[in-house]
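Let me begin by presenting the structure, written as structure tokens, before commenting on it.
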Amino acid sequence: MGIPIKIRDNYKSLSGTEKTAVIFLALGEERGSRLMERLDDDEIRMVSRAMAGLGNVTSNLVEALLRTFTERFANTGSVVGSYDSTERMLSRFLPDDRVSEIMGEIRGPAGRTMWEKMSNVNEGVLATYLSGEYPQTAAVILSRMRSDHAAKVLPLLPPALRLEVIERMIQIESVQREVLLDIESILHNEFMANYARTHGSDTHERMADIFNRIDRDTMGEIFADLDVILPESTQRIRQLMFTFEDLLRLDRVSLQTVIRRCDTGQLAIALKGAEAQQRDHFLSVMSERARMILQDEIENMGPVRMRDVHDAQAEIVQVAKALSDDGAIVIPQSGEADAVVY
């Protein structure tokens with residue numbers, strides 16, 4: 125007579141390690157093994173020991189466990205991927221120098237879009253790179269960059285290539301979105317990563333990110349002093365900063381995306397202390413029902429400190445920047461046309 129097989133049908137009787145073992149088994153050998161190989165040696169031993177001693181786990185228990193597992197993650201709400209969240213996650217398991225190296229490669233030169241980044245690359249470095257590209261590719265890149273920076277790069281190209289590139293720039297009418305995406309991908313994978321490793325991260329971009337989180341009164345004092353000793357750096361930092369007022373330049377769909385990602389309470393606080401034009405602009409892109417709910421919350425809200433208003437507005441700005449970094453929205457730059465190429 126054989127040893128009776130243990131039957132498991134009580135969810136509460138499972139330990140955390142046993143629940144993990146059940147999930148691995150439910151995923152199947154191929155997918156479960158791919159996931160298990162990501163564990164360290166001690167974790168593999170613990171899960172393996174639990175797996176070997178599970179016995180027969182009923183289908184009802186497996187279903188209950190998987191349902192609890194998926195509901196737990198479904199209830200976490202929306203997530204926002206950004207440079208900051210990525211850096212924090214990497215810092216949990218990598219040394220600081222390795223995190224800095226990886227984030228430097230991801231960030232590249234200053235700028236929120238690939239074309240802004242290219243506009244902040246040293247003109248000599250960029251001219252050397254473009255000299256090895258097809259003239260049509262170089263023409264597209266220079267056409268998408270800021271005019272003032274393109275004017276610095278063109279004279280540094282070899283004369284024959286320069287003339288051909290200029291000719292193609294003149295003849296460019298519209299570039300298909302697929303072509304632009306291909307060029308952006310090449311620039312990111314082949315040029316920007318190497319540039320970041322060679323030249324390091326941009327200190328102006330870092331300072332702009334820090335200044336975005338400082339209250340406005342203090343920020344005004346800092347800029348007043350900084351403008352005296354480093355006027356060019358101050359101007360560049362201002363250009364890289366993104367403020368609550370800049371949200372007015374977002375297109376309707378992008379602003380709706382930002383609003384959906386924001387906490388309603390924080391949005392109400394941010395708009396209560398905003399200028400009437402800003403508040404009306406936000407409300408104008410919302411559905412009638414959502415607009416009435418938000419207006420009611422703003423009107424019934426008691427006195428709010430301006431510090432809390434600025435904090436709420438800064439939080440909304442960070443949501444917008446994270447969405448921009450993720451490619452979910454496009455943030456037009458000051459002085460640029462608001463048109464978006466599709």
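Numbering (my numbering), first residue to last: 125 to 466.
Don't be surprised by glycine CBs; every beta carbon is placed ideally from N, CA and C.
Nearest-angstrom Cα distance between residue i and residue j?
i, j, result
"V264", "L280", "17 Å"
"M410", "R431", "26 Å"
"S267", "I440", "33 Å"
"P427", "N184", "53 Å"
"R337", "M331", "10 Å"
"S309", "D387", "33 Å"
"M416", "G344", "35 Å"
"T342", "E161", "50 Å"
"D375", "H273", "27 Å"
"S448", "P282", "36 Å"
"V352", "R360", "14 Å"
"R373", "I455", "8 Å"
"E399", "I346", "24 Å"
"V303", "I294", "18 Å"
"P355", "F335", "16 Å"
"T210", "D450", "11 Å"
"S157", "T144", "13 Å"
"E167", "R212", "23 Å"
"S139", "L178", "11 Å"
"S137", "D333", "49 Å"
"E154", "L305", "34 Å"
"H405", "A275", "37 Å"
"R173", "P219", "31 Å"
"E257", "L350", "40 Å"
"N246", "R292", "23 Å"
"R362", "T194", "44 Å"
"E412", "V377", "16 Å"
"E187", "R429", "50 Å"
"L418", "L287", "57 Å"
Counting only the same chain and skipping the five closest in sequence on each side, list residues whose C-beta sits under 7 Å from that of residue i.
i, result
"L285", "S255 and P259"
"A253", "This sequence places Tyr at residue 253; Ala is not what is there. For Y253, where only same-chain residues beyond five positions count, the Cβ hits under 7 Å are F315."
"T367", "V441"
"L151", "L159"
"V443", "V204, V382, R385 and C386"
"S357", "H328"
"G248", "L280"
"I127", "Confidence at I127 is low in this model, with a pLDDT of 43, below 50, so the placement of that residue is unreliable and no value is reported for it."
Quick one: residues in its chain with C-beta nearer than 6 Å to the C-beta of residue i, no 5 flanking neighbours on either side, listed in chain order?
i, result
"E460", "Bear in mind that a pLDDT of 44 at E460, under 50, signals an unreliable position, so the number given afterwards is only what the model happens to contain. Correct list: empty, nothing qualifies."
"D289", "Sequence inspection shows Val at residue 289; the Asp mentioned does not correspond to that position. Only P259, A262 and A263 meet the Cβ criterion."
"L250", "V277"
"L407", "R415"
Return yes when the Cβ of residue j is within less than 8 Å of the Cβ of residue i, no when it is not.
i, j, result
"L364", "L371", "no"
"M175", "F148", "yes"
"V146", "L189", "yes"
"M170", "T192", "no"
"S243", "R270", "yes"
"Q390", "A452", "no"
"M238", "H312", "yes"
If you drop the 5 nearest sequence neighbours on each side, which residues of the same chain put their C-beta closer than 8 Å to that of residue i?
i, result
"R340", "H434"
"E369", "Q402"
"I296", "A263, V264 and S267"
"L163", "V171"
"I307", "T261, V264 and I265"
"A438", "N336, R337 and F368"
"A348", "none"
Less than 8 Å between CB atoms is the rule here; does residue i satisfy it with respect to chain B?
i, result
"E297", "Absence of chain B from the displayed structure is noted, only one protein chain being present."
Review point. Pairing CB atoms from the stretch 413-422 with CB atoms from the stretch 391-401, are three or more of them under 8 Å?
Key: In short, these stretches touch, since the Cβ pair count reaches three.
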